[in-house]
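In what follows, a single structure is set out as structure tokens and then discussed.
Residue numbers (full-length UniProt numbering): 1 to 1114.
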């Protein structure tokens, strides 16, 4: 005897056999009939339906064997047959070496002939055979072999049908258990309207027991007036094959009343005959009472209920023609006429392409007989453009003689607003199953008597058990629970079984992989005939992530609370009404209110804010935030007034607090104290507009106000007057006593003039000993008196220093500000000319400008200097001097020198630039002078730069030159011709006021200079701007901080703070810095401490010939 080999798919085959759940089951008529048919057709005494298990073959049906139910697998002929694809036949077992020694052949059974057809399941697993046996040798004919194979196929189909019926029975039992647990009222009925089943929730809603509710017993709680109406609606629902959805008034047997929404779906058989109904009942008493109270809501509900109708369709499949009802069209926003003629193409045009593909497959499966009906959920496009979810259900009604589909009929149901109720009651289990799976919920059942647990596969995953884990006993389940929870859980279950409490338990599970998971389990009790708990049916889900999230949220809440208490900003939260709910310590300090005192008060009472300028109450940003649902901020210059009257300059914003659905719950107000920043900003703005020495308006602000007065005069014919004031004999005091004493004199003169002009007038120091005033709404005669009074006061004034008395005077030019002036430059030139005329006329007097005064310019001393400068340029009598810049840091930078110009007189003496530079600007000679300086500097660099150790030669460019487009072009050309080496050693200095006045044109010039290798520095930095945004456009390499700040920073903290601010700007820009006017050792020490790169001033070195500056640099 040769034992049979194992099939290659033995493990899968045995699993498929076990899933059939047929082994060791009682005989069944269908399988016995198969065995009898096999014996009769083959003419043999023995026939079997045999199933091959792991170690045996077991007979589901047998003919000719009375008591034998199974044999060992190694003896089984069928174990050989399942290895074959067709009928396995042994004509004479004694002559076959595979079976000659087999006890079934040699023993009492005496088998000589065997033929077996494998029983193969759809998956390919051969689980057994239909076989025939004889005790004499023989052979089947071809017809018998075919019939035997067909009987094996029938056995396979019977096994599958038996398995499906078993699964269906389990599903029905589980569905009924879920129905018992469902919070919705479920009911079933027959075609006559008699109730056949109600669940506990339905019974609780209607106040009836199960027995009282069955049959027509449900009618006893429906008010008589309702029965006739409901009967008509029910008959209409059946007739129209639509969902029955009605509100029913119920009067319970105990006298209490309620309103119930009853929804049911009529059920039809294949012939369209009513077989019964299935439905849901919902207690809507509370909402119904509210609907009755509000008429408009009743109307709305009526329209919603009316809109739940069903559309019908009939489809002639061969032609594609369709017939639809009005409701079918109305679901999509059309009338029937708008869609006619209707065909299957109409439907295809309206359905979503992806859903159309799914629907086509569902139809094909139904037409082929695979599905009993067509059912598909599709999206269809509404006439208005949006999509409507439609439940399409249908059935093939007829076929042609050749079997092809002819007519199909079905319905369309709009369930866009009823997604959770889109399926009939018979589909409730599937929906619940999906919901449970989506929520990670596993169902289980505990049999108290058997002490046995059974569960869904999801529970195995929750507990970390293998997929094929066997059912547990109650003690085995307790062993999975965390030891610290086990005793409590056991006690709580005991209380449940004894009826003391509901089953609602939380516990932890220690899984085999070491993971600790948190579980939440709920169940209902099942009772036996004596009212004792017979079992529990429940659900369990994993709450680990939820627990961790709760702990994380609590931690974040505490962190946020501590953070908000620790930050420097004030924080106040409010509710939807704008009342305070919380304050942090900073907000308590600034408002003067404790959080406990402020809670529940309107924010306006706690957070009192006013305009810093008008003192009027400021708008509450929280009210604006709550009204718009958007972030709202304060208006500028707002102050917070505390409970004690203290004022704080603040900036703030209010943002809405929303819940997860976006609803506004309140607002959070965040504000911070900007009192000091505002003070410093005001101080900086003041410094940018005022002269640091005298406190008067500076030249830039003066020109701004004069321009405004000129525009007003041209527009409104207003009468204003300009005074140009130049001190007489000031240079004597300055030269005799020094600059500091001269500065003291200028301050006293400023105060003296200020006592004469009105407070609304503008008094300014233009620079040096020049002052000016704009007298608003002042005629020429009035201005003449004011100017003369200034002259008289200054003439009477005596300046005393070190025992010496000095007398000074004032020459004043007076110009009427009127429409004759085309621009500000012409007006200023006229004022300067009139002032010059006053000096020429003998000083200390007032001169009023007339048209004839234009000739004064030609007679002025400046004209003489202009002539001298032109001659010096022609005769090459200009000389370059330089002033060294001392490096303050160790590094690769070499010697830096600022180039200065001197005029050599015919007698050999040198004239300082203060004498002739004013004439260069006034008579347009600045571009010519600057061209000479640039060319001479480049020539000098070419001749001496390589060996003198000079790293950079600084050259100043005037405002007039930089405003000249031809000058800018010439300089770029000169740089191009000079070559890279010379350009790298050249730096152009541009004053900040010039940069601000010509930013657009100047930025392009600066870029061109730097592109050719030269550097650019901003001179007098800080003197002309209140902000430094222009540096984004003007790319510079060096910043030279204005000397007025450097001189004063040892005595004035604001100057020191300003200088530190300028250094921070330079650090952000990544440029080098130079401190100007360093005239003493203490100043040099301070600028080195602050981190300047270079220092320049008389303490470092005075100007000297350029060659002397570079001597010893190497």
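Positions of the beta carbon are idealized from the N, C-alpha and C atoms, including for glycine.
Note that the structure is predicted; figures quoted are calculated from it, not measured.
Original post:
Which whole-angstrom value is the C-beta distance of residue 4 and residue 83, which I expect to be below 8 Å?
Top reply: Position 4 of the chain shown, counting from 1, holds the residue named residue 4. Position 83 of the chain shown, counting from 1, holds the residue named residue 83. Contact between residue 4 and residue 83 holds: CB atoms are separated by about 7 Å, below the 8 Å threshold.
Subject >> Top-ranked residue by Cα proximity to residue 543, from 522, 225 and 227 >> reply: As a first step, residue 543 must be located in the chain shown, where it is residue number 543. The candidate whose alpha carbon is nearest that of residue 543 is 522.
**OP:** Decide if residue 549 is buried, meaning its Cβ has at least 16 other Cβ atoms within 10 Å, or exposed.
**Re:** On the chain shown, residue 549 is found 549 positions in, with the first residue counted as 1. Residue 549 comes out exposed.
Original post:
Assuming residue 197 contacts residue 188 under a Cβ cut-off of 8 Å, what Cβ separation, rounded to an integer in Å, is found between them?
Top reply: One-based indexing of the chain shown puts residue 197 at position 197. One-based indexing of the chain shown puts residue 188 at position 188. About 4 Å separates the two Cβ atoms, so the contact holds.
Original post:
If we ignore side chains and look at the alpha-carbon of each, how far apart do residue 546 and residue 485 end up?
Top reply: Here residue 546 corresponds to residue number 546 of the chain shown, with the count starting at 1. Here residue 485 corresponds to residue number 485 of the chain shown, with the count starting at 1. Their backbone Cα atoms lie some 19 Å apart in a straight line.
Subject >> Complete beta strand (DSSP E) runs within the stretch 231–262 (minimum length 3 residues, chain order) >> reply: 244–251
Original post:
Sorted by chain position, which residues of the same chain lie with C-beta nearer than 6 Å to residue 269's C-beta, five sequence neighbours on each side aside?
Top reply: Along the chain shown, one-based indexing puts residue 269 at 269. Hits under 6 Å: 275.
**OP:** Report yes if the CB atom of residue 1084 is closer than 7 Å to the CB atom of residue 1066, and no otherwise.
**Re:** Along the chain shown, read from residue 1 onward, the residue named residue 1084 stands at position 1084. Along the chain shown, read from residue 1 onward, the residue named residue 1066 stands at position 1066. Cβ atoms of residue 1084 and residue 1066: not closer than 7 Å.
Original post:
What are the uninterrupted segments assigned as alpha helix (DSSP H) that are 4 or more residues long and contained completely in the stretch 765–821, given in chain order?
Top reply: Counting whole runs of 4 or more residues, the stretch 765–821 contains the alpha helix (DSSP H) stretches 780–796.
Original post:
Out of 764, 978 and 829, which has the shortest C-alpha to C-alpha gap to residue 1013?
Top reply: Your numbering for residue 1013 matches position 1013 in the chain shown. Answer by Cα proximity: 978.
**OP:** In angstroms with no decimal places, state the Cα-to-Cα distance between residue 205 and residue 218.
**Re:** Locating residue 205 in the chain shown gives position 205, where the first residue counts as 1. Locating residue 218 in the chain shown gives position 218, where the first residue counts as 1. Distance between the alpha carbons of residue 205 and residue 218: 12 Å.
Subject >> Burial state of residue 164, where buried means 16 or more other Cβ atoms lie within 10 Å >> reply: Locating residue 164 in the chain shown gives position 164, where the first residue counts as 1. By the neighbour-count rule (16 or more Cβ atoms within 10 Å), residue 164 is not buried but exposed.
Original post:
Where does the unbroken beta strand (DSSP E) through residue 445 begin, and where does it stop?
Top reply: Position 445 of the chain shown, counted from the first residue, corresponds to residue 445. Residue 445 -> beta strand (DSSP E) spans 441–447.
Subject >> Span separating the alpha-carbon of residue 387 from that of residue 331 >> reply: The residue given as residue 387 occupies position 387 in the chain shown. The residue given as residue 331 occupies position 331 in the chain shown. Cα-Cα distance, rounded: 11 Å.
Original post:
Hey, would you say residue 135 sits closer than 7 Å to residue 110, going by beta carbons?
Top reply: Translated into the one-based positions of the chain shown, residue 135 becomes position 135. Translated into the one-based positions of the chain shown, residue 110 becomes position 110. A contact, by the Cβ cut-off of 7 Å.
**OP:** Going by CA-CA distance only, name the one from 237, 224 and 1016 that's closest to residue 1117.
**Re:** The structure shown does not extend to residue 1117, since the chain is modelled only from 1 to 1114, so the question has no answer here.
**OP:** Pull up the distance between the alpha-carbon of residue 651 and that of residue 678, whole angstroms please.
**Re:** Along the chain shown, one-based indexing puts residue 651 at 651. Along the chain shown, one-based indexing puts residue 678 at 678. When rounded, the distance between both Cα atoms is 10 Å.
Subject >> Presumed contact (8 Å Cβ cut-off) between residue 261 and residue 282, rounded CB distance >> reply: Walking along the chain shown from the start, residue 261 turns up at place 261. Walking along the chain shown from the start, residue 282 turns up at place 282. Residue 282 and residue 261 do touch by the CB rule: their CB atoms are close to 5 Å apart, below 8 Å.
Subject >> Whole runs of the beta strand (DSSP E) within the stretch 1067–1105, excluding any shorter than 3 residues >> reply: Within the stretch 1067–1105, the runs of beta strand (DSSP E) that reach at least 3 residues and sit entirely inside it are, in chain order, 1072–1075.
Original post:
With a CB to CB cut of under 8 Å and the five nearest residues on each side skipped, what residues in its chain are close to residue 539?
Top reply: Numbered from 1 along the chain shown, position 539 holds the residue referred to as residue 539. Within the same chain, residue 539 has close Cβ partners 436, 441, 442, 443, 444, 521, 522 and 523.
**OP:** Indicate whether residue 889 and residue 1093 have their beta-carbon atoms separated by less than 7 Å.
**Re:** If you number the chain shown from 1, residue 889 lands on position 889. If you number the chain shown from 1, residue 1093 lands on position 1093. Yes. Within cutoff.
Original post:
Secondary structure at residue 114, three-state DSSP: helix, strand or coil?
Top reply: Start at 1 with the first residue of the chain shown, and residue 114 comes out as number 114. DSSP, read as helix, strand or coil, puts residue 114 in strand.
Original post:
From what residue to what residue does the alpha helix (DSSP H) around residue 360 run?
Top reply: Locating residue 360 in the chain shown gives position 360, where the first residue counts as 1. Its alpha helix (DSSP H) spans residues 353–367.
**OP:** To the nearest angstrom, report how far apart residue 481 and residue 512 are at their CA atoms.
**Re:** Here the question's residue 481 lines up with position 481 in the chain shown. Here the question's residue 512 lines up with position 512 in the chain shown. Distance between the alpha carbons of residue 481 and residue 512 is about 11 Å.
Original post:
In terms of residue numbering, what span does the alpha helix (DSSP H) encompassing residue 60 cover?
Top reply: By 1-based counting over the chain shown, the position of residue 60 is 60. Note, residue 60: premise wrong, no alpha helix (DSSP H); beta strand (DSSP E) at 56–63.
Subject >> According to DSSP, residues forming a beta bridge with residue 1108 >> reply: One-based indexing of the chain shown puts residue 1108 at position 1108. According to DSSP, residue 1108 bridges with nothing at all.
Subject >> Contained beta strand (DSSP E) runs [length at least 3] in the stretch 884–908, N- to C-terminal order >> reply: 895–904
Subject >> Bridge partner(s) assigned by DSSP for residue 637 >> reply: Taking the first residue of the chain shown as 1, we reach residue 637 at position 637. DSSP, once it has assigned bridges, lists no residue as partnering residue 637.
Original post:
Applying the criterion that 16 or more other CB atoms from any shown protein chain within 10 Å of the CB defines a buried residue, is residue 850 buried or exposed?
Top reply: As a first step, residue 850 is located in the chain shown; it is residue number 850 there, counting from the start. Exposed.
Subject >> Close beta carbons around residue 241, own chain, < 8 Å, minus the five adjacent residues each side >> reply: On the chain shown, residue 241 is found 241 positions in, with the first residue counted as 1. Excluding positions up to five away in sequence, the list reads 266, 268, 310, 312 and 411.
**OP:** Mind checking which residues open and close the alpha helix (DSSP H) that includes residue 625?
**Re:** Translated into positions along the chain shown, residue 625 becomes position 625. Taken as a continuous stretch (DSSP letters only), the alpha helix (DSSP H) holding residue 625 covers 621–628.
Subject >> Straight-line Cα distance separating residue 821 from residue 811 >> reply: Residue 811 sits at position 811 when you count from the first residue of the chain shown. Residue 821 sits at position 821 when you count from the first residue of the chain shown. Going from the Cα of residue 811 to the Cα of residue 821 covers about 23 Å.
**OP:** Assign residue 273 to buried or exposed, taking buried as 16 or more other Cβ atoms, counted over all protein chains shown, within 10 Å of its Cβ.
**Re:** Counting from one through the chain shown, the residue named residue 273 turns up at place 273. Looking at its Cβ environment, which holds fewer than 16 other Cβ atoms inside 10 Å, residue 273 is exposed.
Original post:
Going by the beta-carbon positions, is the gap between residue 1022 and residue 1009 smaller than 7 Å?
Top reply: For the purposes of this step, residue 1022 is identified with residue 1022 of the chain shown, where counting begins at 1. For the purposes of this step, residue 1009 is identified with residue 1009 of the chain shown, where counting begins at 1. Cβ atoms of residue 1022 and residue 1009: not closer than 7 Å.
Subject >> Pair within 7 Å by beta-carbon distance, residue 633 and residue 675 >> reply: Indexing the chain shown from 1 puts residue 633 at position 633. Indexing the chain shown from 1 puts residue 675 at position 675. Taking 7 Å as the Cβ cut-off, residue 633 and residue 675 do not qualify as a contacting pair.
**OP:** Would you grab the beta carbon distance between residue 73 and residue 52 for me? Rounded to a whole angstrom, and I think it's under 8 Å.
**Re:** Here residue 73 is taken as the residue at index 73 of the chain shown, counted from 1. Here residue 52 is taken as the residue at index 52 of the chain shown, counted from 1. With a Cβ gap of about 6 Å, residue 73 and residue 52 count as contacting.
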